[in-house]
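Report on the structure given below.
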Amino acid sequence: MRQELTLRGNQAVLARANPLAKFTAVTLITMVLALSIDWVSASVALAFELALLPLAGLTLGLLWQRGWPLILAAALGGWSTTILAPDSGQILLDARIWSISEGSLELGLGFMLRGLAIALPAVLLMSCTDPTDLADALAQKARLPHRFVLGTLAALRLVGLMAEEWQTIGMARHARGVGSHGNPLQRLRATLGQSFGLLVQAVRRASRLAVTMEARGFGNARRTWARASVFTGLDAWVVLGGLLIAGTAVASALAAGTWNMVFLSQQ
Amino acid sequence: MPAHSTSAGAGVRPASITARGWGWRHAGRSRPAISGLDLDIRAGERVLLLGPSGAGKSTLLHALAGVLGDGSAGDIGTVSGAGPAAGGTAEDADETGSLLIDGVPPRAGRGRAGLMQQDPETQVVLSRLGDDVAFGAENLSVPPAEIWPRVAEALDDVGLGRLPLDHPTSALSGGQKQRLALAGILAMRPGLILLDEPTANLDPAGVLDVRDAVGRTLDKTGATLVVVEHRVSVWKDLVDRIVVLQPGSATDSAVLIDGPPDQVLAQARDMLTAAGVWVPGYVPATRARAGQPAGPGGAGTAGQLLLAAEDLAVSRERPRRAGLRGGFRPVPPEPVQSGIAAQVRAGEALTITGPNGSGKSTFALTLAGLLAPVSGTVSATYDLSAGAGIDPYRWKAQQLISRIGTVFQEPEHQFVTGRVLDELMFGPKHLGRGGDRVDELLERLRLTELVDANPYTLSGGEKRRLSVATVLAAHPQVLVLDEPTFGQDANTWAELASFLSELLDSGTAVVSVTHDAEFSDVLGGTRLSLRAPEQQTPHGVEMRRREPGRVAP
Chain A
1 MRQELTLRGN QAVLARANPL AKFTAVTLIT MVLALSIDWV SASVALAFEL ALLPLAGLTL
61 GLLWQRGWPL ILAAALGGWS TTILAPDSGQ ILLDARIWSI SEGSLELGLG FMLRGLAIAL
121 PAVLLMSCTD PTDLADALAQ KARLPHRFVL GTLAALRLVG LMAEEWQTIG MARHARGVGS
181 HGNPLQRLRA TLGQSFGLLV QAVRRASRLA VTMEARGFGN ARRTWARASV FTGLDAWVVL
241 GGLLIAGTAV ASALAAGTWN MVFLSQQ
Chain B
268 MPAHSTSAGA GVRPASITAR GWGWRHAGRS RPAISGLDLD IRAGERVLLL GPSGAGKSTL
328 LHALAGVLGD GSAGDIGTVS GAGPAAGGTA EDADETGSLL IDGVPPRAGR GRAGLMQQDP
388 ETQVVLSRLG DDVAFGAENL SVPPAEIWPR VAEALDDVGL GRLPLDHPTS ALSGGQKQRL
448 ALAGILAMRP GLILLDEPTA NLDPAGVLDV RDAVGRTLDK TGATLVVVEH RVSVWKDLVD
508 RIVVLQPGSA TDSAVLIDGP PDQVLAQARD MLTAAGVWVP GYVPATRARA GQPAGPGGAG
568 TAGQLLLAAE DLAVSRERPR RAGLRGGFRP VPPEPVQSGI AAQVRAGEAL TITGPNGSGK
628 STFALTLAGL LAPVSGTVSA TYDLSAGAGI DPYRWKAQQL ISRIGTVFQE PEHQFVTGRV
688 LDELMFGPKH LGRGGDRVDE LLERLRLTEL VDANPYTLSG GEKRRLSVAT VLAAHPQVLV
748 LDEPTFGQDA NTWAELASFL SELLDSGTAV VSVTHDAEFS DVLGGTRLSL RAPEQQTPHG
808 VEMRRREPGR VAP
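Below, the structure is given as structure tokens:
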């Protein structure tokens with residue numbers, strides 16, 4: 001987990017773009033997809049995004065490794081929508097309260113594709129963006145308060161540390177006779193105890209880190225930046241690409257007549 | 268140093284310190300952490316601060332670093348058990364007298380002092396090497412064009428210049444992290460360098476690397492140094508003055524003794540050793556082992572084989588599941604060490620040594636049944652398992668603690684209750700036994716006075732003693748300890764070594780991971796040295812018996 005926070009070795013084109021440009025493009029796509037539940041706009045966007053994988057230095061295998069919880073969640077969401085949504089059109093399968101109809105299948109499929117199409121850009125962004133560079137861009141270009149941005153960045157490093165500490169505390173408590181055994185209530189109590197142990201360590205670490213940062217002059221209203229966050233021609237293309245994907249998705253859905261504004265329509 | 272003085276020497280103006288009747292009380296405490304301090308440190312002086320715990324050494328360093336502002340930043344030690352926050356004494360922090368750097372309060376002169384603390388993990392701020400060094404300079408608004416030359420120079424000075432600037436900081440060892448922290452401080456060009464037990468968490472090689480890096484940079488920049496450290500021998504030749512603090516009061520001065528190192532050490536030797544300070548050339552007296560375990564008159568079970576590791580490969584990672592194409596088969600992780608063979612025998616010590624990253628702790632945890640082997644086996648003989656099965660990793664928690672007890676490096680990781688007595692009774696209660704051994708342990712490890720205290724509020728030495736006692740309360744036949752003497756003062760060290768030697772004589776097997784040669788000398792037995800991964804021979808393991816007359820296992 002801690003290794004994934006840096007992106008050494010990713011030489012892909014998108015890794016060189018300014019994080020803020022990538023962030024803008026992702027936001028554009030996500031916003032458009034959030035507007036409508038229909039399978040056309042979602043699948044058009046998804047097709048574009050899959051085509052962009054190599055530009056971000058990703059392969060399908062890597063994508064699965066990093067994004068499987070999101071992919072699984074999208075599939076699950078689609079399935080439950082399919083069986084639970086109000087039926088319309090021809091009934092395809094009927095098992096008492098669970099039924100699949102043409103209408104609910106379409107809705108479920110749209111839901112799943114939309115979930116994927118929204119999740120994928122986030123995975124793409126994170127796998128070709130170094131958190132430090134993102135923080136630089138947010139503070140220097142988007143003018144977010146640097147104390148907040150850098151504080152968050154430093155805390156993010158501690159999260160990886162905490163994941164290791166969780167494992168150690170688990171073993172340390174197991175060596176005391178507390179562990180993954182007994183009834184669910186006992187297990188819950190063991191987990192709560194372990195969480196408390198982690199919390200204590202997290203607070204200690206965080207306050208020591210805060211002292212370290214303050215002792216290095218952090219907290220002044222003004223600071224300089226050793227790494228200047230700059231926009232290049234590439235970034236224009238990245239934003240334009242985002243616009244193109246979002247626009248094409250809407251246009252094809254409108255053309256196919258499936259555009260379906262979530263907030264306006266009553267099915 | 269004339270060769271380098273072009274940039275660094277020009278940028279650094281050594282700082283002087285003046286304290287007059289200075290004192291500080293942390294918010295929420297009734298007694299001041301330090302009071303009545305009168306001290307003058309000239310620009311360019313190098314001072315070692317000594318004193319018993321509670322003398323306010325860390326508080327002074329934090330104040331000089333300008334991080335003792337609102338009373339919350341310096342108040343690191345308390346997380347739980349603080350009681351009602353709005354009680355009578357829980358008011359704001361309180362400062363008396365004056366403490367000045369170059370005639371200015373420390374908070375006003377941001378960047379004049381740089382502070383390094385004990386825990387290497389929290390001395391790193393950012394995830395890339397170069398960025399981390401640049402962090403302080405950026406905060407001081409150094410022009411960007413000037414920052415990168417400073418970064419390169421600082422990394423060179425601490426001996427990390429060969430690593431690329433985008434090297435991940437998480438991949439550094441503890442000693443390297445501390446040197447990185449020093450580089451981050453140097454890039455700020457401070458006139459005062461403050462080190463708060465900078466080497467307490469490091470292995471011997473790391474300790475010397477950090478000490479030498481500090482020495483080199485002081486020679487080059489001429490900055491003032493104030494260092495707090497228990498191990499005097501490490502810093503003695505580098506400093507030109509030792510100041511011994513005592514818990515001050517309204518009438519007594521906080522400074523007990525002050526002078527050149529040799530003079531202070533001669534003058535205060537007894538007082539310092541009594542306070543647990545590691546004075547050079549002093550090895551605390553410990554109980555000697557009672558002869559060879561298998562010698563005449565030895566206990567009947569002495570030397571009995573309890574636990575054996577064969578061709579063992581270890582890792583902290585769990586097996587991953589291969590992806591779709593791999594058919595979701597488990598993929599074993601890359602071992603940190605392999606080909607380990609070792610035997611654990613009743614009444615005998617096994618000491619595991621080796622450099623950082625050689626998998627010492629991982630091996631010990633695997634031997635203790637807490638981690639699954641990557642390959643090879645750990646097997647318990649019937650004498651130990653008593654019917655629980657051959658593989659300790661498959662034992663239930665209850666079965667494990669009554670057979671193999673493991674003491675972790677950080678005592679707090681093992682605290683499971685809010686009271687010292689409950690902590691000790693926890694094991695026996697879960698095993699359905701009475702606390703017959705608890706009173707004895709309380710007595711023997713001097714915890715009787717503390718039975719009602721919250722474990723988290725104990726001192727470092729008390730926490731260590733408690734963590735050993737809690738594990739032993741379950742009566743394990745094998746005791747595994749991970750760096751038990753790390754960061755301990757000489758008194759706790761001696762108590763621990765004596766206690767373990769007693770334990771060995773009574774037939775318990777003691778396995779310890781340690782860098783501490785004196786400690787393993789007291790325990791005797793077998794030494795297993797693991798090698799660093801890059802210099803591994805086919806087996807990367809070397810085993811040596813230090814007792815004559817017995818065949819190496």
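So the sequence lines, in the order shown, correspond to chains A and B. Count the first sequence with the numbering used here and you get residues 1 to 267, in order. Count the second sequence with the numbering used here and you get residues 268 to 820, in order. Where a beta carbon is used, it is the ideal one built from N, C-alpha and C, also for glycine.
Check your understanding: With a cut-off of 9 Å, does the C-beta of A12 (chain A) fall near any C-beta of chain B?
Key -> On the first sequence, residue 12 (chain A) is found 12 positions in, with the first residue counted as 1. False, the Cβ-Cβ gap to chain B never drops below 9 Å.
Exercise for review: Would you mind working out which of B:D749, B:T759 and B:R711 sits nearest G727 (chain B), comparing C-alpha positions?
Suggested key: Position 460 of the second sequence holds residue 727 (chain B). Of B:D749, B:T759 and B:R711, the residue nearest in Cα terms is B:T759.
Check your understanding: Terminal residues of the continuous alpha helix (DSSP H) containing L125 (chain A)?
Key -> For the purposes of this step, residue 125 (chain A) is taken as residue 125 along the first sequence, with counting starting at 1. That run of the alpha helix (DSSP H) goes E102 to S127.
Review point. Going by the CB atoms, is the gap between H497 (chain B) and A472 (chain B) shorter than 9 Å?
Key: Residue 472 (chain B) sits at position 205 when you count from the first residue of the second sequence. Residue 497 (chain B) sits at position 230 when you count from the first residue of the second sequence. No. Outside cutoff.
Point to revise | Residue-chain proximity (R143 (chain A), chain B), Cβ-Cβ < 9 Å | key: As a position in the first sequence, residue 143 (chain A) is number 143, starting the count at 1. Chain B contact via Cβ: absent.
**Study point:** For H413 (chain B), three-class secondary structure by DSSP
**Key:** As a position in the second sequence, residue 413 (chain B) is number 146, starting the count at 1. Position check: residue 413 (chain B) holds Glu in this sequence, whereas His was assumed. The answer is helix: DSSP assigns E413 (chain B) an H, G or I state.
Practice item. Please state if the CB of A609 (chain B) and the CB of A647 (chain B) are separated by a distance shorter than 9 Å. Key: Start at 1 with the first residue of the second sequence, and residue 647 (chain B) comes out as number 380. Start at 1 with the first residue of the second sequence, and residue 609 (chain B) comes out as number 342. No, these two residues do not count as a Cβ contact at 9 Å.
Exercise for review: Please confirm if the region 477-493 of chain B is in contact with the region 413-430 of chain B, defined as three or more CB-CB distances below 8 Å between the two stretches.
Suggested key: yes
Exercise for review: Give me whichever residues DSSP pairs with L33 (chain A) in a beta bridge.
Suggested key: Numbered from its first residue, the first sequence carries residue 33 (chain A) at position 33. Paired residue(s): none; L33 (chain A) is not in a bridge.
**Study point:** Under 8 Å by beta carbon: chain A residues contacting N406 (chain B)
**Key:** Here residue 406 (chain B) refers to the residue found at position 139 when the second sequence is read from its first residue. Within 8 Å Cβ-Cβ: R216, G217, F218, G219, N220 and R223.
Exercise for review: Would you kindly work out how many angstroms separate the C-alpha atoms of W291 (chain B) and S320 (chain B), rounded to a whole number?
Suggested key: As a first step, residue 291 (chain B) must be located in the second sequence, where it is residue number 24. As a first step, residue 320 (chain B) must be located in the second sequence, where it is residue number 53. Approximately 16 Å, taken between the alpha carbons.
Check your understanding: Based on Cα-Cα distance, which residue from B:R483, B:I607, B:D519 and B:V522 lies nearest to D504 (chain B)?
Key -> Position 237 of the second sequence holds residue 504 (chain B). Closest by alpha carbon: B:R483.
Check your understanding: Measuring CA to CA, which of B:P457, B:G694, B:R429 and B:L748 is closest to A616 (chain B)?
Key -> Taking the first residue of the second sequence as 1, we reach residue 616 (chain B) at position 349. Looking at the Cα atoms, B:L748 is the closest of the given residues.
Review point. Is K141 (chain A) near the ligand COA, judged by its Cβ being under 8 Å from some heavy atom?
Key: Because no ligand of any kind appears in the structure shown, any question about the ligand COA cannot be addressed here.
Exercise for review: For I118 (chain A), I'd like the list of residues in its chain whose CB is within less than 6 Å of its CB, leaving aside the five on either flank, ordered along the chain.
Suggested key: On the first sequence, residue 118 (chain A) is found 118 positions in, with the first residue counted as 1. Cβ within range, chain order: T30 and L33.
Check your understanding: Comparing the C-beta of A357 (chain B) with each C-beta of chain A, is any distance below 9 Å?
Key -> Counting from 1 along the second sequence, the entry for residue 357 (chain B) is found at position 90. Any answer about A357 (chain B) is weak, because its pLDDT of 47 lies below 50 and its placement is not dependable; what the coordinates show is given next. For A357 (chain B), the answer is no, since every Cβ of chain A falls outside 9 Å of its Cβ.
Point to revise | Residues that I668 (chain B) contacts on chain A, provided the C-beta gap is smaller than 8 Å | key: As a working mapping, residue 668 (chain B) is identified with position 401 in the second sequence. Those within 8 Å of I668 (chain B) in chain A are A175, R176 and G177.
Review point. Mind checking whether L124 (chain A) and V26 (chain A) have CB atoms under 9 Å apart?
Key: The count along the first sequence starts at 1 and reaches residue 124 (chain A) at position 124. The count along the first sequence starts at 1 and reaches residue 26 (chain A) at position 26. Against a cut-off of 9 Å, the Cβ pair of V26 (chain A) and L124 (chain A) comes out as a contact.
Check your understanding: Cβ of T212 (chain A) less than 9 Å from any chain B Cβ?
Key -> Sequence index remark: in the first sequence, residue 212 (chain A) carries index 212 (1-based). True, the Cβ-Cβ gap to chain B drops below 9 Å.
Exercise for review: Measure the C-alpha to C-alpha separation of Q755 (chain B) and E729 (chain B) and round it to an integer number of angstroms.
Suggested key: Position 488 of the second sequence, counted from the start, is the residue given in the question as residue 755 (chain B). Position 462 of the second sequence, counted from the start, is the residue given in the question as residue 729 (chain B). Going from the Cα of Q755 (chain B) to the Cα of E729 (chain B) covers about 10 Å.
**Study point:** Spatially closest choice to T152 (chain A) from A:W79, A:L35 and A:A206, by CA coordinates
**Key:** The residue given as residue 152 (chain A) occupies position 152 in the first sequence. Cα-wise, what sits closest to T152 (chain A) is A:A206.
Review point. Quick one: is A228 (chain A) near chain B, going by C-beta distance under 9 Å?
Key: Position 228 of the first sequence, counting from 1, holds the residue named residue 228 (chain A). Answer yes: the Cβ-Cβ gap between A228 (chain A) and chain B drops below 9 Å somewhere.
Practice item. Within its chain, find whatever has a CB closer than 6 Å to the CB of A757 (chain B); leave out the 5 residues flanking it on each side and keep chain order. Key: Here the question's residue 757 (chain B) lines up with position 490 in the second sequence. Counting only Cβ-Cβ distances below 6 Å, and skipping sequence neighbours, we find G543, W545 and P551.
**Study point:** Distance, T132 (chain A) Cα to P734 (chain B) Cα
**Key:** Counted from its first residue, the second sequence places residue 734 (chain B) at position 467. Counted from its first residue, the first sequence places residue 132 (chain A) at position 132. Per the sequence shown, the amino acid found at residue 734 (chain B) is Ser instead of Pro. Near 39 Å, if we compare the C-alpha coordinates of T132 (chain A) and S734 (chain B).
Exercise for review: Inspect the beta-carbon positions of G694 (chain B) and I671 (chain B) and report whether they are closer than 9 Å.
Suggested key: As a working mapping, residue 694 (chain B) is identified with position 427 in the second sequence. As a working mapping, residue 671 (chain B) is identified with position 404 in the second sequence. No; because the gap between Cβ atoms is not below 9 Å, this pair is not in contact.
Check your understanding: Are the C-beta of V735 (chain B) and some C-beta of chain A separated by less than 9 Å?
Key -> Position 468 of the second sequence, counted from the first residue, corresponds to residue 735 (chain B). So no, V735 (chain B) is outside the interface.
Practice item. Could you tell me whether the region 374-388 of chain B touches the region 300-314 of chain B, where touching means 3 or more Cβ pairs closer than 8 Å? Key: no
Check your understanding: Which chain B residues are close to A15 (chain A), counting only those with a beta carbon under 7 Å from its beta carbon?
Key -> Numbered from 1 along the first sequence, position 15 holds the residue referred to as residue 15 (chain A). None at all; the shortest Cβ gap to chain B is about 12 Å.
**Study point:** Cα-Cα separation between S283 (chain B) and I368 (chain B), rounded to whole angstroms
**Key:** Stepping through the second sequence from its first residue, residue 283 (chain B) is reached at position 16. Stepping through the second sequence from its first residue, residue 368 (chain B) is reached at position 101. Each residue's Cα considered, the two are about 6 Å apart.
Exercise for review: Measure the alpha-carbon distance for S625 (chain B) versus P435 (chain B) and round it to whole angstroms.
Suggested key: Indexing the second sequence from 1 puts residue 625 (chain B) at position 358. Indexing the second sequence from 1 puts residue 435 (chain B) at position 168. Cα-Cα distance, rounded: 20 Å.
Check your understanding: When Cβ atoms are compared, which residues of the region 184-211 of chain A fall closer than 8 Å to chain B?
Key -> G193, G197, V200, Q201, V203, R204, R205, S207, R208, L209, A210 and V211
Check your understanding: Does the Cβ-Cβ distance between A249 (chain A) and V44 (chain A) come in under 9 Å?
Key -> Within the first sequence, numbered from 1, the residue matching residue 249 (chain A) stands at position 249. Within the first sequence, numbered from 1, the residue matching residue 44 (chain A) stands at position 44. For A249 (chain A) and V44 (chain A), yes; Cβs fall inside 9 Å.
Check your understanding: Contact between the region 219-233 of chain A and the region 402-414 of chain B: three or more CB pairs below 8 Å?
Key -> yes
Review point. Could you give the residue range of the alpha helix (DSSP H) that holds I657 (chain B)?
Key: Residue 657 (chain B) sits at position 390 when you count from the first residue of the second sequence. Taken as a continuous stretch (DSSP letters only), I657 (chain B) belongs to no alpha helix (DSSP H), as it is neither H nor E.
Exercise for review: State buried or exposed for M272 (chain A), treating a residue as buried only when at least 16 other CB atoms are found within 10 Å of its CB.
Suggested key: Only positions 1 to 267 of chain A appear in this structure, which leaves residue 272 (chain A) out of reach.
Review point. If we cut at 9 Å on Cβ distances, does D398 (chain B) have a partner in chain A?
Key: Start at 1 with the first residue of the second sequence, and residue 398 (chain B) comes out as number 131. Yes, D398 (chain B) lies at the interface with chain A (some Cβ there is under 9 Å from its Cβ).
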